[in-house]
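Asker: Numbering (our numbering), first residue to last: 557 to 882.
Here's a structure for you.
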């Protein structure tokens with residue numbers, strides 16, 4: 557049975573997400589095709605987005621992808637920053653043309669790990685005072701070095717400093733990053749987007765997305781206001797296939813669902829597979845993410861994420877889509 561207002565002939569005509577649904581002035585364009593939740597943040601300082609999945613991508617305030625670099629065991633985005641760390645240096649995504657900026661100096665590594673507690677604090681304290689940027693990172697076991705690292709931008713160049721846990725107080729949280737009590741990080745933090753309807757964040761992680769109260773309490777985003785910009789609405793769902801049974805009784809169904817994404821006075825229509833388990837709400841596998849209120853006058857971009865739970869619950873459209881003007 558179709559919902560009121562949905563033309564009977566339109567349900568099967570809607571495009572899949574991978575076919576770029578459009579309206580008069582807007583279109584949805586895929587910017588990441590990895591079938592796993594992505595981390596999406598916004599930089600208020602630079603007015604651009606950072607999408608972190610199999611690749612780290614920079615997307616401007618208009619929704620255009622400007623840069624992309626593959627993640628690896630030794631190349632990764634530092635949490636809530638726009639810095640990509642590698643064994644040889646950093647990429648600064650705030651640059652107009654990001655490129656590898658090599659370390660000009662390495663201090664207290666495995667070859668020069670001779671600093672005492674007093675000498676560490678003296679040398680590190682002076683470097684910290686001179687640094688415009690300080691970001692921290694996990695140990696790099698692939699390099700055979702088990703110490704935490706600090707990246708410092710000092711007088712136009714990067715310095716890599718291996719930390720001494722005997723001299724400072726380290727707090728390591730896989731999701732939130734590294735903190736050093738005596739020497740707080742210095743950088744322009746990026747902020748998470750939010751799906752207003754499902755009350756989840758674009759963290760790429762189930763804990764930070766909203767399921768871990770301890771971590772959520774530490775997020776400054778929790779105190780931010782996220783007005784709904786656009787609305788995603790389910791128009792129709794049909795139980796086309798039984799996906800799971802319990803003692804022969806169907807308990808999980810999949811089927812094609814039709815959606816409307818309303819932006820202002822315009823509507824974008826599309827269809828994708830959804831799931832319905834008995835006595836549970838429909839799982840659309842979709843999230844519509846927007847920036848916090850203070851930044852909604854700086855960018856019109858929103859992100860639609862479709863994360864199928866298996867290859868049976870997608871027509872090949874899994875990934876992240878950016879809404880941008882045509």
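Note that beta-carbon positions come from the ideal geometry of N, C-alpha and C, so glycine has one too.
All of these numbers come straight from a predicted model, not from anything done at the bench.
1) From the DSSP output, in three-state form, read off residue 779 for me.
2) Return the chain-ordered ranges of every beta strand (DSSP E) run that is complete within the region 793–859 and spans a minimum of 3 residues.
3) Assuming residue 746 contacts residue 599 under a Cβ cut-off of 8 Å, what Cβ separation, rounded to an integer in Å, is found between them?
4) By the three-class DSSP mapping on this structure, what secondary structure does residue 869 have?
5) Kindly indicate which residue of 701, 688, 778 has the alpha-carbon position closest to the one of residue 662.
6) For residue 867, which residues of its own chain have a beta-carbon under 6 Å away from its beta-carbon, when the five flanking residues on both sides are left out?
7) With a 10 Å radius around its C-beta and 16 neighbouring C-beta atoms as the bar for buried, classify residue 856 as buried or exposed.
8) Is the CB-CB distance between residue 633 and residue 608 below 8 Å?
9) Which of the three DSSP states is assigned to residue 660 in this structure?
10) Applying the criterion that 16 or more other CB atoms from any shown protein chain within 10 Å of the CB defines a buried residue, is residue 697 buried or exposed?
11) Evaluate contact between the region 814–830 and the region 570–578, counting only Cβ atoms and requiring at least three cross-stretch pairs below 8 Å.
12) State the DSSP-derived secondary structure class of residue 621, mapped to helix, strand or coil.
13) Rounded to the nearest angstrom, what separates residue 771 and residue 595 at their Cα positions?
Answerer: From the atom records:
1) Of the three classes helix, strand and coil, the one that applies to residue 779 here is helix, per DSSP.
2) Qualifying beta strand (DSSP E) stretches, in chain order: 797–802, 805–819, 822–833, 842–845.
3) Yes, residue 746 and residue 599 are in contact; Cβ-Cβ is about 5 Å, under 8 Å.
4) Three-state result, residue 869: coil.
5) Residue 701 is the option with its Cα nearest to residue 662.
6) Closer than 6 Å at Cβ, skipping near neighbours: no residue.
7) A residue is called buried when at least 16 other Cβ atoms come within 10 angstroms of its Cβ; residue 856 meets this threshold and is buried.
8) The Cβ-Cβ distance between residue 633 and residue 608 falls below 8 Å.
9) Correct three-state label for residue 660: strand.
10) Result: exposed.
11) Taking a contact to require three or more Cβ pairs closer than 8 Å, the region 814–830 and the region 570–578 qualify as touching.
12) Residue state, collapsed to three classes: strand.
13) Going by the C-alpha atoms only, they are around 16 Å apart.
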